[in-house]
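Numbering that gives the first Met the number 0 puts the first residue of the sequence shown at 0, with every later residue one more than the last. Before any comments, here is the structure.
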Amino acid sequence: MSAMEWSESLELGLEPMDETHKEFVDCLNEMAGADAQHFLVAFDRFIEHTEAHFEQENRWMAAVGFPGCHKAEHDRVLTVIHDVRKRVEQGDAFLGKRLVEELPGWFENHAGGMDAALAHYLDAVGFDFETGKINDPNASNESACAC
0 MSAMEWSESL ELGLEPMDET HKEFVDCLNE MAGADAQHFL VAFDRFIEHT
50 EAHFEQENRW MAAVGFPGCH KAEHDRVLTV IHDVRKRVEQ GDAFLGKRLV
100 EELPGWFENH AGGMDAALAH YLDAVGFDFE TGKINDPNAS NESACAC
């Protein structure tokens, strides 16, 4: 069973971000398709990906001085995911499946809003993903979204 399908509507036009988002969808789908015996293994891979995914975006935001509301949402989602993981381990399989059902809607909203704004800003300031630096020394934070 697939929780969500990757589509062009999720693409933001920045390859490093789009690749990470495709991996998020793949990990979510692995969790959705896992049987009860393998669910926690898939969940742990999803958590590992999501922590690295959010940390990567947090580093980009820090490098360009992007507002902190985006990071705060990452922190909230990680808190929920870790709490659900503990509950699944204690036998609440329903809550794990419920999380899998809820994540696609959250992700589409987050990617289409907060991540799209970040992608636009990173592109506007000429952010270099390899060096982690802004290529346009005249770029300012004026076009960053306010939270």
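Beta carbons are placed, not taken as given, at the ideal position from N, Cα and C, and that holds for glycine.
Under the DSSP assignment, residue 4 falls outside any alpha helix (DSSP H); it carries neither an H nor an E label. Residue 131 sits close to residue 62, with the two beta carbons spaced by under 8 Å. Residue 34 sits in coil when the DSSP states are folded into three classes, being neither helix nor strand. Looking only at 100, 104, 129 and 57, the smallest Cα-Cα distance to residue 32 is reached by 100.
Within the model, the alpha-carbon separation for residue 43 versus residue 29 is close to 11 Å. No Cβ-Cβ contact shorter than 8 Å links residue 69 with residue 16. Here residue 38 is not near residue 90, since their CB atoms are 8 Å or more apart. Taking the Cα positions, residue 109 is about 12 Å away from residue 11. When only Cα atoms are considered, residue 107 and residue 23 end up about 11 Å apart.
If only uninterrupted alpha helix (DSSP H) runs of at least 4 residues are considered, those enclosed by the region 57 to 134 are 68 to 88, 92 to 109 and 115 to 123.
Ranked by Cα distance from residue 35, the first of 88, 82, 6 and 123 is 88. Here residue 13 carries a coil assignment [DSSP, helix/strand/coil].
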